[in-house]
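Under full-length UniProt numbering, read the sequence shown as residues 1 to 806, first letter to last. Contents: one structure, followed by commentary.
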Amino acid sequence: MKLAFRHKIAFKQAIIVLTISLLLGLISTSGQIYLDYKQERKDFNLGIEQTIAMHCDTAIQAVYNLDRNLAQDVTTALTLAPEVYRATLIDDFGDTLAESSAQKAQSSPLTMMGNNLFYFKSHIATPLSIKESRTGSATLIIDLDTTLITGNFTRRAVTSMALGLLYNIALASIFLILFYRYLSQPILNIAHWVNQLGKNDKNVTPPYDQQDELGDLVSSFDRLWHERKEMTDQLNKTIQELSKSEYFSRSLMENAGDAMFLCRADGIIIQVNNQATESLAIDSAKLLGRSLAEFSKNYTSSQLQTLFSSINEKEASTIEDIQISTQGEHFPIEARCIRMRLQNEDYILILARDISVRKEAEQQIFELAFFDTLTGLANRRLFIDHLNNAVKQHQENQNFGAVLYLDLDRFKTINDSLGHGIGDAILCEVAKRLTQALPDTSTCARFGGDEFVVLLTETGSSAELCAESTATTALKVLEQMAVPFDIAGHQLYCSTSIGIAVFPDSTNNSLDILRHADTALYRVKAQGRNNFQFFDPEMQSTAQERMELEKGLHLALENNEFELWYQPQVNDADQIIGAEALLRWRHPQNGVIYPGDFIGIAEESGQIVEIGNWVLKRAINQLSDWHQQGLPESFNRLAVNISPLQFMQVDFVDRLVEMLNEKNIPGRLVELEITENMLLNNFSIASNKMKLLKQRGISFAIDDFGTGYSSLRYLRDLPLDILKIDRSFVSGLRASSELAAIVEVIIATADRLDLTVIAEGVETLNERSALMELGCHCFQGYLFSKPMIPDVFYAKLQAPSHSSLV
1 MKLAFRHKIA FKQAIIVLTI SLLLGLISTS GQIYLDYKQE RKDFNLGIEQ TIAMHCDTAI
61 QAVYNLDRNL AQDVTTALTL APEVYRATLI DDFGDTLAES SAQKAQSSPL TMMGNNLFYF
121 KSHIATPLSI KESRTGSATL IIDLDTTLIT GNFTRRAVTS MALGLLYNIA LASIFLILFY
181 RYLSQPILNI AHWVNQLGKN DKNVTPPYDQ QDELGDLVSS FDRLWHERKE MTDQLNKTIQ
241 ELSKSEYFSR SLMENAGDAM FLCRADGIII QVNNQATESL AIDSAKLLGR SLAEFSKNYT
301 SSQLQTLFSS INEKEASTIE DIQISTQGEH FPIEARCIRM RLQNEDYILI LARDISVRKE
361 AEQQIFELAF FDTLTGLANR RLFIDHLNNA VKQHQENQNF GAVLYLDLDR FKTINDSLGH
421 GIGDAILCEV AKRLTQALPD TSTCARFGGD EFVVLLTETG SSAELCAEST ATTALKVLEQ
481 MAVPFDIAGH QLYCSTSIGI AVFPDSTNNS LDILRHADTA LYRVKAQGRN NFQFFDPEMQ
541 STAQERMELE KGLHLALENN EFELWYQPQV NDADQIIGAE ALLRWRHPQN GVIYPGDFIG
601 IAEESGQIVE IGNWVLKRAI NQLSDWHQQG LPESFNRLAV NISPLQFMQV DFVDRLVEML
661 NEKNIPGRLV ELEITENMLL NNFSIASNKM KLLKQRGISF AIDDFGTGYS SLRYLRDLPL
721 DILKIDRSFV SGLRASSELA AIVEVIIATA DRLDLTVIAE GVETLNERSA LMELGCHCFQ
781 GYLFSKPMIP DVFYAKLQAP SHSSLV
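Below is the structure:
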């Protein structure tokens, strides 16, 4: 199997060496720059102090004698220093005696970066003591050009950083070349050489002859291979030459270095050599007459017979098996089976050679390719191979499996503070605990760092059973990891977070399954760690849609994408007595979006307050326009839905009253629809606000009555006017149905409390008739009209035919 380039040791080695070299170079160079910066500041401050000290006496003399020329000479001399762009001498009376300035250095992106990164004093005031002065001391002030100072230092720092990075890149490249030359390339050559040995019997020169561990491995393997080849070739040649001679055949068998068995076609042993009896630890007399299958782990008697029958006389057949001695010892063998015909009977001659050493060498190569060298667990390559097989198998048998993606919490902190030795010891202990906690049929792998992945293949025949079984395993793992680790005298706590993906799923792709588990893992981390979380197949799509809607809501008001539509409310005479303002979002890509798809997101993100205020203001403005144009006498109110979060705002009452006053709208034309949950959760606050608004004539309706945790308390104690029967009680309503009993109770309760009842979602004449029979005389629904844009609604309101809508 050809490895992908990113899975090769050389590639991983290059990435690690280059990353570490760049990181260390960056840290080293940054540290050096910091030390240079501290020394630069120290030297700079010392130089400035010395410059000031040189001119202090002259400045004092100038102040004492009030000699402006001398003072001007002092300030001019100070500005000759390149870092000083202005010098001022103030006498002991606080007056400016002299002042000189020089041109500041021009600013550049480099100097701007230096000003942001490094700090140097830009203003220094030095008091000067004047003898016999009663007014105080004089002051020598210098202003420094920090742009020049930081610019020079920044150029040196950037140069140092660039040279340091180039040096580390060059050093890393040298290391990579050496590693590839002396480690990766020899291993690739050895692997290719082993493959060539298995494909043909030609002599292939060993690719590595250095005196080290790899050289010893290649030398041992090459010696064993050639010994086997030489013995096999010698035996084949001898068999061909002496096949007709029983004497020579016996001599051959007795003196051969390999175990030899002469069997009948049914697998019964009729003759063996000394090596065979030694290998099986049994006397030849007790061995003859028994089936060869008794000493084989991989072949039964019937399987041996089938194998023997397939062997061609002209060509030997080679098999591998596990041979079992009478003392219970197991060892691998390579058997060469040859069909022979003696005295008109078919026999099978088996030459069995112990290949334990070769298998050990192959196992070492296998472990390097498929197992983590630190923990002994499977690596990513082996795990994905097992996962691919499991996914294919589960698709066929309709069973379920699961992948657990584990990440150790706080491991980086422990590893950085106590060292990699402690970190490696923890990783080994984690691997041990996982092995103990997981079922024997599971596969546990380390993907690198502190990431472990578990494959559970036998979790149930349904998704529910799989989830239950996997959750039990995950809890067991969490309990194991909660036990403190005792490492080198340290008691360390290192919990774990687990993401779980169940398969088969919609993708049935190994990489997607791992990605799903990884997504669930990061969700656990976001929720506080030390827990497990299943991946929801709709998680990503739902989250993406929600994110897009939430992002769009931020722009909807700004881009004027919201609209208010109006649905009539009619009485039993089919007159329009009111309307409900309904929000619509005209999305530029998705078209019209209804409130049910975005109001929940707006409430959770807090945008509902801003949106609700827009709805309220737009509805009152529209009502004002209609009021000025003229409303029919039957039109009583415009209903506006108010969210709990909006209603609970401190300034809600003042804001609404201000809107009504501004548009000169009577409160009786406005109805606020509120929800039951808002009343239950904030009864006292809601009650006070409702009473204040009630004084302005505003009416209140309970929306979707009967669908929440209804309480008769607020029907009695709050200033309510209207109950709206939810459409779930209206749909398919018949006067004799069970729903009718519920509606009848609602209407009777409303009549008792002198409340108006409006039925929502009326779509058929039968529903309207049943409601009227039960005592409801106000309706809203598609039977009368769908929601309409303002102009269409007002035209319908003014039309003479609006009194007959059905």
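Cβ atoms here follow ideal geometry from the backbone N, Cα and C, with glycine treated the same way. Just so we're clear, the structure is a prediction, and the values are computed from it rather than from any experiment.
* To do: Could you name the residues that DSSP lists as bridge partners for residue 579?
  => On the sequence shown, position 579 is the one that residue 579 refers to. Answer is 568, 638, bridged to residue 579.
* Asked: Near residue 818, what residues of its chain come up, given a Cβ to Cβ distance below 7 angstroms and the 5 sequence neighbours on each side ignored?
  -> With the chain covering only 1 through 806, there is no way to say anything about residue 818.
* Which residue comes first and which comes last in the beta strand (DSSP E) that contains residue 444? -> Taking the first residue of the sequence shown as position 1, residue 444 is located at position 444. Its beta strand (DSSP E) spans residues 443–448.
* Kindly identify the DSSP beta-bridge partner or partners of residue 735. => For the purposes of this step, residue 735 is taken as residue 735 along the sequence shown, with counting starting at 1. DSSP lists no partner for residue 735.
* If we call anything under 8 angstroms between Cβ atoms a contact, is residue 753 one with residue 716? -> Against the sequence shown, residue 753 aligns to sequence position 753. Against the sequence shown, residue 716 aligns to sequence position 716. The answer is yes: Cβ separation under 8 angstroms.
* Alpha-carbon to alpha-carbon, residue 666 and residue 640 -> Here residue 640 is taken as the residue at index 640 of the sequence shown, counted from 1. Here residue 666 is taken as the residue at index 666 of the sequence shown, counted from 1. Residue 640 and residue 666: Cα-Cα distance of roughly 15 angstroms.
* When 36, 78, 65 are compared against residue 48, the one with the closest alpha-carbon -> Locating residue 48 in the sequence shown gives position 48, where the first residue counts as 1. If we check each option's Cα against that of residue 48, 78 comes out closest.
* Alpha carbon of residue 543 to alpha carbon of residue 588, nearest angstrom -> Within the sequence shown, the letter at position 543 stands for residue 543. Within the sequence shown, the letter at position 588 stands for residue 588. Any reading at residue 543 is ruled out, since the residue's pLDDT is 47, under 50, leaving its predicted position unreliable.
* Asked: Can you name, in chain order, every residue of its own chain whose Cβ lies under 6 angstroms from the Cβ of residue 429, other than the five neighbours on each side?
  -> Mapped onto the sequence shown, residue 429 falls at position 429. The residues are 485.
* Take the Cβ of residue 95 as the centre, count every other Cβ of all protein chains shown within 10 Å, and call the residue buried at 16 or more, exposed below. => Taking the first residue of the sequence shown as 1, we reach residue 95 at position 95. With fewer than 16 Cβ atoms within 10 Å of its Cβ, residue 95 is classed as exposed.
* Spatial neighbours of residue 806 in its chain, beta-carbon cut-off 8 angstroms, leaving aside the 5 residues before and after -> Mapped onto the sequence shown, residue 806 falls at position 806. Reliability fails at residue 806, whose pLDDT of 46 lies under 50, so the model's placement of it is uncertain and no value is given.
* **Sequence-distant residues of the same chain with beta carbon closer than 6 angstroms to residue 358, five excluded per side** => Here residue 358 corresponds to residue number 358 of the sequence shown, with the count starting at 1. Taken in chain order, the residues that qualify are 224.
* For residue 497 and residue 539, the rounded distance between their alpha carbons -> Within the sequence shown, the letter at position 539 stands for residue 539. Within the sequence shown, the letter at position 497 stands for residue 497. Caution is warranted here: a pLDDT of 42 is assigned to residue 539, below 50, making its placement in the model unreliable, and no coordinate value can be reported.
* Can you give me the start and stop residues for the alpha helix (DSSP H) that residue 81 sits inside? => Translated into positions along the sequence shown, residue 81 becomes position 81. No alpha helix (DSSP H) contains residue 81, which DSSP labels as neither H nor E.
* To do: Under 8 angstroms by Cβ, that's how I've got residue 386 and residue 455 pegged, so tell me the actual separation to the nearest angstrom.
  => Here residue 386 is taken as the residue at index 386 of the sequence shown, counted from 1. Here residue 455 is taken as the residue at index 455 of the sequence shown, counted from 1. Right, the Cβ-Cβ distance comes to about 6 angstroms (below 8 angstroms), so this counts as a contact.
* To do: Would you identify the three-state DSSP class for residue 596, choosing helix, strand or coil?
  => As a first step, residue 596 must be located in the sequence shown, where it is residue number 596. Three-state result, residue 596: helix.
* Look at the alpha carbon of residue 310 and the alpha carbon of residue 350, and state the distance between them as a whole number of angstroms. => Numbered from 1 along the sequence shown, position 310 holds the residue referred to as residue 310. Numbered from 1 along the sequence shown, position 350 holds the residue referred to as residue 350. Straight-line Cα distance between these residues: approximately 14 angstroms.
* What is the rounded straight-line gap between the Cα of residue 188 and the Cα of residue 207? -> Indexing the sequence shown from 1 puts residue 188 at position 188. Indexing the sequence shown from 1 puts residue 207 at position 207. In a straight line, the C-alpha of residue 188 is about 10 angstroms away from that of residue 207.
* **residue 127 versus residue 50 - alpha carbon distance** => Translated into the one-based positions of the sequence shown, residue 127 becomes position 127. Translated into the one-based positions of the sequence shown, residue 50 becomes position 50. Between residue 127 and residue 50, the C-alpha separation is close to 15 angstroms.
* **Alpha carbon of residue 637 to alpha carbon of residue 698, nearest angstrom** => Reading the sequence shown from its first residue, position 637 is the one you call residue 637. Reading the sequence shown from its first residue, position 698 is the one you call residue 698. Roughly 9 angstroms separates the two Cα atoms.
* **Proximity below 8 angstroms, CB of residue 702 to CB of residue 674** => Start at 1 with the first residue of the sequence shown, and residue 702 comes out as number 702. Start at 1 with the first residue of the sequence shown, and residue 674 comes out as number 674. Cβ distance < 8 angstroms, so residue 702 and residue 674 count as in contact.
* To do: Name the one or two DSSP bridge partners that residue 585 has.
  => In the sequence shown, residue 585 corresponds to position 585, counting from 1. BP columns for residue 585 point to 562, 593.
* Asked: Is residue 363 buried or exposed, if buried means 16 or more other CB atoms sit within 10 Å of its CB?
  -> As a position in the sequence shown, residue 363 is number 363, starting the count at 1. Classification of residue 363: exposed, given that the 10 Å Cβ count is below 16.
* To do: Express the C-alpha separation of residue 647 and residue 751 in angstroms, rounding to a whole number.
  => Counted from its first residue, the sequence shown places residue 751 at position 751. Counted from its first residue, the sequence shown places residue 647 at position 647. Distance between the alpha carbons of residue 751 and residue 647 is about 27 angstroms.
* **Beta-carbon proximity list for residue 607, same chain, < 6 angstroms, skipping 5 on both sides** => Reading the sequence shown from its first residue, position 607 is the one you call residue 607. Around residue 607: 553.
* **Touching by the beta-carbon criterion (3+ pairs, under 8 angstroms), the region 412–422 and the region 496–514** => no
* residue 19 to residue 151, Cα distance in whole Å? -> Working through the sequence shown from its first residue, we reach residue 19 at position 19. Working through the sequence shown from its first residue, we reach residue 151 at position 151. Looking at the two C-alpha atoms, the distance is approximately 30 angstroms.
* Candidates 591, 328, 670: closest to residue 626 by CA position -> Taking the sequence shown and counting its residues from 1, the one referred to as residue 626 is at position 626. Closest option to residue 626, Cα to Cα, is 670.
* To do: Just the C-alpha distance for residue 719 and residue 757, rounded to the nearest angstrom, thanks.
  => Against the sequence shown, residue 719 aligns to sequence position 719. Against the sequence shown, residue 757 aligns to sequence position 757. Going from the Cα of residue 719 to the Cα of residue 757 covers about 15 angstroms.
* **Straight-line gap, residue 755 to residue 583 (C-alpha atoms, nearest Å)** => As a first step, residue 755 is located in the sequence shown; it is residue number 755 there, counting from the start. As a first step, residue 583 is located in the sequence shown; it is residue number 583 there, counting from the start. Near 26 angstroms, if we compare the C-alpha coordinates of residue 583 and residue 755.
* How should residue 417 be labelled, buried or exposed, when 16 other C-beta atoms within 10 angstroms of its C-beta is the threshold for buried? -> Working through the sequence shown from its first residue, we reach residue 417 at position 417. By the neighbour-count rule (16 or more Cβ atoms within 10 Å), residue 417 is not buried but exposed.
* **Cα-Cα separation between residue 796 and residue 558, rounded to whole angstroms** => For this step, residue 796 is matched to residue 796 along the sequence shown. For this step, residue 558 is matched to residue 558 along the sequence shown. Answer to the nearest angstrom: the Cα atoms are 31 angstroms apart.
* Please report how far the alpha carbon of residue 290 lies from the alpha carbon of residue 378, in whole angstroms. => As a first step, residue 290 is located in the sequence shown; it is residue number 290 there, counting from the start. As a first step, residue 378 is located in the sequence shown; it is residue number 378 there, counting from the start. Cα to Cα, the separation comes out at about 41 angstroms.
* To do: For residue 331, count neighbouring Cβ atoms within 10 angstroms of its own Cβ and tell me buried if that reaches 16, exposed if not.
  => Residue 331 sits at position 331 when you count from the first residue of the sequence shown. Result: exposed.
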